[in-house]
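Going by numbering that gives the first Met the number 0, the sequence shown opens with residue 0, and the numbers climb by one from there.
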Amino acid sequence: MVMFITGAVMLVVGMGFFQMGAGMSMTPLGEGIGVQIAKVRYIAAILLIGFVMGAIITLSEPDLQVLAEQVPSVPNHILIWTVAVGVGIFLAVAILRILFQVDLSTILIVLYSVLILLSFFIPDDFLAVAFDSGGVTTGPMTVPFIMAMGVGMSSVRGDKNAYSDSFGLVALSSIGPILAVLILGSFYDTGETAYALAAVAEVETTRDVVREFLVRLPPYVREVFVSFIPVAAVFVIFQLLTHRYQRRQVKRVLVGFCYTYIGLVLFMCGVNVGFSPVGASLGNDIASAPWRGLLVPIGMLIGYYIVKAEPAIQVLNHQVQGVTNDAVSAKSMNRCLSIGVSVSVGLAMLRILTGLPIHWIIIPGYIAALILSRIVPKMFVGIAFDSGGVASGPMTTTFLLPLSIGACQALGGNIMADAFGVVALVALTPLIAVQIMGLYYQYKLNKMEKTTAQEALSWDMGGEADDILDFEEDHEDDG
């Protein structure tokens, strides 16, 4: 219990530092690069910049390192570079979409149709990992940077659809790794894949708890530092080439990098040392008990609250609130995403209990999301598909995935086919939930416009009636 509470404290403090640091460093850097990309006139240069930036940011994503450790049948560096290439290619495609103002819904329908078709030719054991990879790549490092790039590019355009088009970069960037890993799956055999279940540390006193965290902290210090090197190099090169930031702004960005670094170190250490082992143990214990059916409602309850701890979710929610001029509040976004993730975790637990193929959920879910994308306002399409990637962040990878694996192991199921996929489902349900919220806001907006029109008409008619009465009074002596 003390291990869990200590991890929670580190998580909260780390998230606070991360939020502040991301606002000071990653967001201005991404926005500045987006502005410069919008001014480039050569398509080849735009594609190259988008590819390089997507690959570099992905290589620095801590969530991807966590997932790579879970797939021993594929060497870590091959999986990581495959995902990085996928993100780089599709970030370049997303940038072109903004510049040429191509409809996001149309692109998503085409790309997801290709993914669904390709998934039927991939071994079932690799399918869940491929869809999971799309979720983990859009984590705390990637989301603030990519979303700020979209805002920066759209600000140069300045047309009425500019801010709506700023969303969707994360959505398209999430498709790249899924497609890349699906292709990779045809070259590897996952039959011998094994997973070492994380065990809760044996501690007897508070001193043992402190020692455990201090011993486990240095690897995360090194891991996050290595992940920051490419991002820092991008900032230095960008500043030398453009001189965009003044000396005071440079200092602010550097301080922001420090805050972000400290926050991610504390966050990753607290989650992995205090949360992952507890998640695996919890899943194992529930599935081993006679009342294993409670795994579904307990999973839904955990899913509802765990999304609130995702660092990148808060970045997305506040950007949405700002772009929509408070029409979509951060509070309503939080509630909507919590409900969506709750449903997705419940479905993931149901898969573990029943062995339900992931195709039966993924295909109807994406079809429903794509149909909604043709109905809801364009801005909500981008927000919804961005939120799917954002919701599946480090908390999902380091707590819900071990929870699923622990439960699946206790039931003797196929871990690769049944336990993996929880990240993919967490990335799916917010797509539907946020678009339903978009329909609701469209209904409210239409209702408000109708009421305003009726009031204006009533006021005009009242004015005309007064004019008629005045005319009759003035001319009543004339008969």
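Ideal placement from N, C-alpha and C gives every residue a C-beta, glycine not left out.
- Contact between the region 130-144 and the region 54-65 is present: three or more C-beta pairs spanning the two stretches fall below 8 Å.
- Counting only runs of at least 4 residues, the region 283-313 fully encloses the following alpha helix (DSSP H) elements, listed from N- to C-terminal order: 294-305.
- Between Ile414 and Val344 the beta-carbon gap is near 17 Å, outside 8 Å, which marks them as no contact.
- Going by DSSP, Met52 is part of the alpha helix (DSSP H) stretching over 42-58.
- The C-beta distance from Leu402 to Ala200 rounds to 18 Å, too long to meet the 8 Å contact threshold.
- Rounded to the nearest whole angstrom, the CA to CA distance from Val425 to Ala455 is 46 Å.
- With respect to the C-alpha of Gly167, the residue from Thr396, Ala91, Gly184, Phe120 having the closest C-alpha is Ala91.
- Pairing Gly20 with Gly262 gives a Cβ-Cβ distance under 7 Å.
- Close CB contacts of Ala93 within its chain, under the 7 Å cut and outside five residues either way in sequence, are with Gly167, Leu168, Leu171, Ser172 (chain order).
- Val277 and Phe99 have their C-alpha atoms spaced approximately 48 Å apart.
- Within the same chain, Cβ atoms closer than 7 Å to the Cβ of Ser24 are found at Val252, Gly255, Phe256, Thr259, the five residues on either side in sequence being excluded.
- Distance from the CA atom of Met332 to the CA atom of Gln320, rounded to whole angstroms, is 9 Å.
- For Ile360, the CB contacts under 7 Å within the same chain, skipping 5 residues up- and downstream, are Leu346, Leu424 in chain order.
- DSSP, reduced to helix, strand and coil, places Gly133 within a helical segment of the structure shown.
- Around the beta carbon of Phe186, a 10 Å sphere encloses fewer than 16 other beta carbons of the protein chains shown; the residue is thus reported as exposed.
- Look at Thr204 here: in three-state DSSP terms it is coil, with no helix or strand label.
- The C-alpha of Ala416 is placed about 18 Å away from the C-alpha of Leu178.
- Take the alpha-carbon of Ile4 and the one of Pro289: they are about 28 Å apart.
- Nearest in C-alpha terms to Leu213, of all of Met9, Met299, Leu444, Tyr244, is Met9.
- Contact holds between the region 364-378 and the region 435-452, because three or more Cβ pairs, one in each stretch, are under 8 Å apart.
- Taking a C-beta distance under 7 Å as the contact criterion, Leu336 and Phe384 do not qualify as a contact pair.
- Close CB contacts of Phe144 within its chain, under the 6 Å cut and outside five residues either way in sequence, are with Met25, Gly29, Ile56 (chain order).
- Leu181 is positioned such that its CB atom lies no closer than 7 Å to that of Thr81.
- For Ile77, the enclosing alpha helix (DSSP H) has its first and last residue at 75-99.
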